[in-house]
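These notes are about the structure you will find just below.
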Amino acid sequence: MLLFYMRKPITTPTQIPSVRLLQIDTEQAGQRLDNFLVRHCKGVPKSHLYKAIRSGEVRVNKGRISADYRLAEGDTVRVPPLRLPAVGEPRTVPPAVFPVVYEDDALLVIDKPAGTAVHGGSGVSFGVIEQLRAARPDAPFLELAHRLDRETSGLLMVAKKRSALLALHDMLRESRGSKRYLALVVGDWVNDRQHLRQPLLKWLTASGERRVKVDAAGKVAHTIVTMKKRYGRYTLLEAELRTGRTHQIRVHLASSGYPIVGDEKYGADEVRAHFARLGFNRMFLHAGHLEIAHPLTGEPLSLHAPLPAACEKIIDYLEKKA
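Here the sequence shown stands for residues 1 to 322, where the numbers follow the UniProt record's numbering.
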């Protein structure tokens with residue numbers, strides 16, 4: 001008589017992530033806790049990370065902590081088991097390659113296109129920095145040194161070392177170097193050169209949208225405006241930032257009576273509609289020039305991003321009409 005034995009199927013136990021204790025070194029010190037977790041828990045949704053922080057599952061030196069806590073050298077971060085993407089699950093952040101204007105082992109400067117956010121949040125699932133990290137998975141450190149509005153194009157600095165990031169933050173805070181933008185505004189600008197120093201205050205609309213306005217209770221802001229060329233009803237300006245407030249150039253110009261063409265927050269709908277009919281569907285603000293010392297070597301850097309084709313086309317149109 002033959003006997004048949006049913007063999008149990010061989011199964012591979014699911015790997016369950018365990019608690020990790022990570023010690024902060026010199027290069028990691030100064031980072032926000034949430035940014036640190038994003039890099040060390042690649043693939044974990046940000047919502048899960050923030051939930052773990054709020055619930056106390058993430059701890060620093062055995063204590064509960066907030067997401068904006070700045071890590072110090074020697075801190076011990078408790079990272080709980082977190083859900084990772086399943087094998088074969090599609091990437092939630094598509095890698096992207098942006099035009100590189102300058103790069104070495106400490107600093108990356110790209111030419112950001114209009115319409116791309118610099119980071120995820122506020123209804124945007126990912127931005128330039130997340131896409132750069134996805135495209136460069138072996139890069140140990142990539143952090144934004146500053147911000148550009150989503151609809152602003154041009155030069156964006158990304159630090160590739162913690163020491164470079166801290167040095168860039170110091171330089172920008174102390175207004176060392178020069179960042180110059182080109183803006184097409186509605187109106188016939190009067191002065192060849194003018195300093196705008198209205199203080200700026202952030203506020204929220206009833207729908208929760210972030211806005212900025214001129215207000216005596218606001219923060220000090222300084223923009224130097226140089227007239228480049230007049231086109232009748234419109235003027236091409238160069239705006240140099242001496243401080244780096246949110247929406248600074250946009251609000252300074254709009255509050256002076258010269259809103260930027262295509263600005264959906266501080267400009268007129270009819271102007272935006274007029275330029276859309278001409279095929280121009282963005283804000284005309286471009287970070288074209290950057291002069292700054294290299295954050296580690298001190299070497300003077302003078303970088304340039306050409307005016308995008310869509311902006312050049314509008315300038316050509318205005319030249320022909322003038």
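Think of the CB as a built atom: it goes at the ideal place given N, C-alpha and C, for glycine as much as any other residue.
Every value quoted in this text rests on a predicted model; they were computed, and no experiment measured them.
(request) Report all residues from its chain with a CB closer than 7 Å to the CB of Ile113; omit the five preceding and five following residues, and keep chain order. (result) Position check: residue 113 holds Pro in this sequence, whereas Ile was assumed. Shown here for Pro113: same chain residues with a beta carbon closer than 7 Å to its own, the five before and five after excluded, namely Ser153 in chain order.
(request) Could you tell me the distance, in whole angstroms, from the CA atom of Ala221 to the CA atom of His252? (result) Inter-residue distance for Ala221 and His252 is about 9 Å (C-alpha atoms, whole angstroms).
(request) With distances taken Cα to Cα, identify the nearest neighbour of Gly218 among Ser207, Arg78, Arg245, Gly298. (result) Nearest option by C-alpha distance: Arg245.
(message) Let me make sure I understand the geometry here. Which of Arg20, Arg133, Leu144, Leu196 has the alpha-carbon closest to that of Ile249?
(response) Among Arg20, Arg133, Leu144, Leu196, the Cα nearest to that of Ile249 is on Leu196.
(message) If you reduce the DSSP assignment to three classes, tell me which class Asp170 lands in.
(response) Helix.
(request) Using beta-carbon positions only, say whether Leu22 and Val77 come within less than 8 Å of one another. (result) In this structure, Leu22 sits near Val77, with a CB-CB distance shorter than 8 Å.
(request) Over the uninterrupted alpha helix (DSSP H) stretch that includes Leu148, give me the two end residues. (result) No residue range can be given for Leu148, since it is assigned to no alpha helix (DSSP H) and is classified by DSSP as neither H nor E.
(request) Kindly indicate which residue of Leu237, Glu270, Arg242 has the alpha-carbon position closest to the one of Tyr258. (result) Selected option, being the one with the closest Cα: Leu237.
(request) Per DSSP, which residues does His195 bridge with? Please list them. (result) Per DSSP, Ile224.
(message) Determine whether the beta carbon atoms of Val128 and Glu143 lie at a separation below 8 Å.
(response) Using a Cβ distance threshold of 8 Å, Val128 and Glu143 do not count as a contacting pair.
(request) With a threshold of 16 other CB atoms inside 10 Å of the CB of Leu204, please say whether the residue is buried or exposed. (result) Leu204 is exposed by the Cβ-count criterion.
(request) Please determine if the stretch 63–72 and the stretch 27–40 are in contact, where contact requires at least 3 C-beta pairs separated by less than 8 Å. (result) Three or more Cβ pairs closer than 8 Å define a contact, and the stretch 63–72 meets that threshold against the stretch 27–40.
(request) Using three-state DSSP, classify Leu49 as helix, strand or coil. (result) Three-state result, Leu49: helix.
(message) Taking only three categories from DSSP, how would you classify Ala117?
(response) DSSP places Ala117 in coil when its eight states are reduced to three.
(request) Decide if the stretch 307–322 is in contact with the stretch 273–282; the criterion is three or more beta carbon pairs, one per stretch, under 8 Å apart. (result) At 8 Å Cβ cutoff, the stretches touch.
(request) Quick one: residues in its chain with C-beta nearer than 7 Å to the C-beta of Ala135, no 5 flanking neighbours on either side, listed in chain order? (result) The answer, listed in chain order, is Pro95, Ala96, Val97.
(message) Taking only three categories from DSSP, how would you classify Tyr317?
(response) Tyr317: helix per DSSP, three-state reduction.
(message) The alpha helix (DSSP H) that contains Ala276, what's its start and end?
(response) Ala276: member of the alpha helix (DSSP H) spanning 269–277, first to last residue.
(request) In the DSSP assignment, find the beta strand (DSSP E) that holds His304 and state where it starts and stops. (result) Segment 300–304, the beta strand (DSSP E) holding His304.
(request) Throw me the rounded Cβ distance for the Glu264 and Gly177 pair, which I believe falls under 8 Å. (result) In fact, because the Cβ distance is near 30 Å, the residues do not count as touching under 8 Å.
(request) Would you identify the three-state DSSP class for Gln23, choosing helix, strand or coil? (result) Per DSSP, reduced to three states, the secondary structure at Gln23 is strand.
(message) Less than 8 Å between the beta carbons of Ile24 and Gly74, yes or no?
(response) At a Cβ-Cβ threshold of 8 Å, Ile24 and Gly74 count as neighbours.
(message) Since Arg233 and Val186 should fall inside the 8 Å C-beta cutoff, what is the C-beta to C-beta distance between them, to a whole number of angstroms?
(response) About 7 Å separates the CB atoms of Arg233 and Val186; that is less than 8 Å, so the two are in contact.
(request) Let me know the secondary structure DSSP gives Ile292 once reduced to three states. (result) Strand at Ile292.
(message) Please identify the residue among Arg162, Ser256, Leu296, Arg147 whose C-alpha is closest to the C-alpha of Ala139.
(response) Ranking the options by Cα distance to Ala139, first place goes to Arg162.
(request) Specify the secondary structure class of His286 as computed by DSSP and reduced to three states. (result) Strand.
(request) Taking Asp149 and His247 to be in contact with their CB atoms under 8 Å, please state how far apart those CB atoms are, rounded to whole angstroms. (result) Between Asp149 and His247, the beta carbon gap of about 7 Å places them in contact (Cβ cut-off 8 Å).
(message) With H, G and I counted as helix, E and B as strand and the rest as coil, what does DSSP make of Leu37?
(response) Per DSSP, reduced to three states, the secondary structure at Leu37 is helical.
(request) Note down the Cα distance separating Lys321 from Leu307, rounded to an integer number of angstroms. (result) So the two alpha carbons sit approximately 20 Å from each other.
(message) Can you look up Ala309 in the DSSP assignment and give me helix, strand or coil?
(response) DSSP places Ala309 within a helical segment (H, G or I) once states are collapsed to three.
(message) According to DSSP, simplified to helix, strand and coil, what is Ser163?
(response) Here Ser163 carries a helix assignment [DSSP, helix/strand/coil].
(message) Which residue marks the beginning of the alpha helix (DSSP H) containing Leu241, and which one marks its end?
(response) Premise fails: Leu241 lies in the beta strand (DSSP E), 234–241, not in any alpha helix (DSSP H).
(message) Leu182 and His274 - do their beta-carbons sit closer together than 8 Å?
(response) Cβ distance not < 8 Å, so His274 and Leu182 don't count as in contact.
(request) List the endpoints of the continuous beta strand (DSSP E) containing Ser175. (result) Premise fails: Ser175 is in no beta strand (DSSP E) and is neither H nor E.
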